[in-house]
Structure formats: structure tokens, C-alpha cells
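Scroll down for the structure; my scribbles are underneath it.
Residue numbers (the numbering used here): 502 to 799.
Next comes the structure, spelled out in C-alpha cells:
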């Protein structure tokens, strides 16, 4: 949630300077990560692998699941779905930019409704400048914050960054964010694109690559990923077995909550696997741990 609020704040600051629609920016930013599974990208990968073992008719990508949340799983006034505009929904499903050298974002204004469902991670630009801005701010928000977290785990510090990189971006997260925000404003004002300068964009790419090597691929992080995989797999296997046996005498809290969700699922014809994935994906990290511990009496 903290990351989502930070993305929204940064995008609204830049959007105000560029005279963009800050209401649209806020709506996209607040919804862009609703589809994340427990444990972030680690949980996402595990869920997708489990799906392929049981049901190859769909896959799990958090941006597509975010769209599923706002279109189907969330309720408003007793009805399924939030009835959001095409522009908001497109911004949510198109927010994920996985290319580290992506620092000039031009809206794909010809997109239609069918393009939303067919979106693959990172391959389609948003239809609006506001969506493009949220997509870039998603990276701006985490690149320095991740180093702050890494310092606490003795993985990487700002002082270890190359001198040229610190000169280009800044000596700490606040300075880096300020550099990136000012650069986006300067290079996007009055243009039909959201962009960083070539120099600053290249520096952001270099910093992101350092984070990948020193943080995301670190042994400590890999241990976390193994823990996440163990929990997600354990939950999936437990709930899948429940759907196969449909026990009538199981009155423990975990079974009750699952069957309540399962029986009231808004898409009655969906497969058991899809409903299980929807249920697990709606958990927080702490709740997933708690349910796992309760099930397996740890």
C-alpha cells in the first residue's frame, strides 16, 4: 500500500506540472497493483506455475489480475465490478514496464476494449498520457526505495553506487526521485509523450540493473522467494483438495472462509483452479502466512 500511495503522489505531482488529469492519474495509480498475489512478484510466478499444472486456459499476471479485480471480484453497491472507465482500466492493465531502457513512453491511442484482455506484460503502452506517467512513476518510486531497504539488509548502499551514477542522479533516494521528477517534467511538457532525457534515462537503466544484480538476485532474496513458494504451494494444494472432496464436516475457520468465497464467486462457471487463484491472490503476505501456519499447525 505504501508503494501505491507513493506512485500516486509522484504521478500527481508531475501530472499537475504537465496539466494532466490528476483524477485519472490517481485512479490508475491506486488500482495498478490490486492484482498482486501475496509476496509480490515471487507469489505471482509461483501461482502461474501452479496454474499451468492444472488449468492451461489462463495464466496469472498481476496486471491482468488487477483488471479482473476491478471488473469482477470487487463489489460496489452490491454489484460485481466497479464500472470503471476504459482509460482507468487500460492504465491499470498497461502499467507494467519491464524494459529497463524504456524512458520515452508514447500513448497507444488506437487501443480498444479487446486489447485490454490480450495485453501481455509490458508489451502495450497505455492509451493516455496519464497512464504512461503512472507506468514510469512505478519505476521511479521503487528504484531508490529498494536501495534503502537493501541498506538495512546489508545488500547495497548508496555509497557503493558508481560515482558517475551518483553525480547524475543523486546521493540518496530523495535526491534521485527529485532528479527524475524534474527531468520528466522538463522533457514531457507540451509533448504527446512522457519522457526522461537520454542521459537521465540511461542512468536510471544502469541503476535498475545494479538493483537486479545486487538486490533482486541476492541470496537473502532467493531465500524469501523459496519461503513464498512453499506457502503459496501449500495453500493451493490445501484448497484444491477441499474442492475435490467437498467435506461436509469441515468447520474450521480456514475451510469456512474459503467455501464462503468459493460458493459466492461472481463467475459461477469458472474452474475450481481459477477460483482458488482468485482467493489466494486476494491475501496479504501476513494473512497468507497466518493461514498457512494454521493449516499445517506450525
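Just so you know, even glycine gets a beta-carbon here, dropped at the ideal spot from N, CA and C. This one's a predicted model, so the numbers in the text were calculated from it and none came from an experiment.
For residue 691, count neighbouring Cβ atoms within 10 angstroms of its own Cβ and tell me buried if that reaches 16, exposed if not. By 1-based counting over the chain shown, the position of residue 691 is 190. When all chains shown are included, residue 691 counts as exposed.
Proximity below 8 Å, CB of residue 653 to CB of residue 595: Within the chain shown, numbered from 1, the residue matching residue 653 stands at position 152. Within the chain shown, numbered from 1, the residue matching residue 595 stands at position 94. No, the Cβ-Cβ distance between residue 653 and residue 595 is not below 8 Å.
Can you grab the Cα-Cα spacing for the pair residue 616 / residue 666, in whole Å? Here residue 616 is taken as the residue at index 115 of the chain shown, counted from 1. Here residue 666 is taken as the residue at index 165 of the chain shown, counted from 1. Taking the straight line joining both Cα atoms gives about 38 Å.
If we count Cβ pairs, one from each stretch, closer than 8 Å, do we get three or more for the segment 536–554 versus the segment 724–733? yes
Quick one, which of 521, 793, 676 has its alpha-carbon nearest residue 728's? Taking the chain shown and counting its residues from 1, the one referred to as residue 728 is at position 227. Answer by Cα proximity: 793.
To the nearest angstrom, report how far apart residue 658 and residue 708 are at their CA atoms. For this step, residue 658 is matched to residue 157 along the chain shown. For this step, residue 708 is matched to residue 207 along the chain shown. Taking the straight line joining both Cα atoms gives about 12 Å.
Residue range of the alpha helix (DSSP H) that residue 686 falls in? Working through the chain shown from its first residue, we reach residue 686 at position 185. It spans 674–689 - the alpha helix (DSSP H) in which residue 686 sits, taken as one unbroken run.
Look at the Cβ atom of residue 585, then the Cβ atom of residue 695, and state whether they are nearer than 8 Å. Here residue 585 is taken as the residue at index 84 of the chain shown, counted from 1. Here residue 695 is taken as the residue at index 194 of the chain shown, counted from 1. No, the Cβ-Cβ distance between residue 585 and residue 695 is not below 8 Å.
Alpha carbon to alpha carbon, how far is residue 630 from residue 761? Counted from its first residue, the chain shown places residue 630 at position 129. Counted from its first residue, the chain shown places residue 761 at position 260. If I take the Cα positions, the gap works out to 41 Å.
Can you list, in chain order, the residues of its chain with a C-beta nearer than 6 Å to that of residue 534? Leave out the 5 residues immediately preceding and following it. The residue labelled residue 534 in the question sits at position 33 within the chain shown. Around residue 534: 505.
Would you decide whether residue 647 is buried or exposed? Buried here means 16 or more other CB atoms lie within 10 Å of its CB. Sequence index remark: in the chain shown, residue 647 carries index 146 (1-based). Counting Cβ neighbours within 10 Å, residue 647 comes out buried, since at least 16 surround it.
Looking at the strands, I want to know which residues DSSP matches up with residue 605. Indexing the chain shown from 1 puts residue 605 at position 104. Beta-bridge pairing links residue 605 to 696.
So is residue 724 buried or exposed if we call it buried at 16+ other beta carbons inside 10 Å? Taking the chain shown and counting its residues from 1, one reaches residue 724 at position 223. Per the 10 Å Cβ criterion, exposed.
Cβ separation of residue 590 and residue 536, assumed to be a contact under 8 Å, to the nearest whole Å: Taking the chain shown and counting its residues from 1, one reaches residue 590 at position 89. Taking the chain shown and counting its residues from 1, one reaches residue 536 at position 35. Contact doesn't hold; Cβ gap of about 12 Å is too wide.
Could you check which residue in 763, 791, 787 has the C-alpha nearest to that of residue 574? On the chain shown, position 73 is the one that residue 574 refers to. Among 763, 791, 787, the Cα nearest to that of residue 574 is on 763.
I believe residue 774 touches residue 556 by the beta-carbon criterion, under 8 Å. Please report the beta-carbon distance rounded to the nearest angstrom. Working through the chain shown from its first residue, we reach residue 774 at position 273. Working through the chain shown from its first residue, we reach residue 556 at position 55. Confirmed, Cβ separation roughly 4 Å.
Please report how far the alpha carbon of residue 783 lies from the alpha carbon of residue 791, in whole angstroms. Indexing the chain shown from 1 puts residue 783 at position 282. Indexing the chain shown from 1 puts residue 791 at position 290. Rounded to the nearest angstrom, the two C-alpha atoms are 14 Å apart.
Span of the alpha helix (DSSP H), counted from its first residue to its last, around residue 549: For the purposes of this step, residue 549 is taken as residue 48 along the chain shown, with counting starting at 1. Unbroken alpha helix (DSSP H) run through residue 549: 541–555.
Where do the ends of the alpha helix (DSSP H) carrying residue 532 lie? Mapped onto the chain shown, residue 532 falls at position 31. Unbroken alpha helix (DSSP H) run through residue 532: 523–532.
Spatially closest choice to residue 532 from 583, 684, 609, by CA coordinates: For the purposes of this step, residue 532 is taken as residue 31 along the chain shown, with counting starting at 1. Residue 532 has its Cα closest to that of 583, out of 583, 684, 609.
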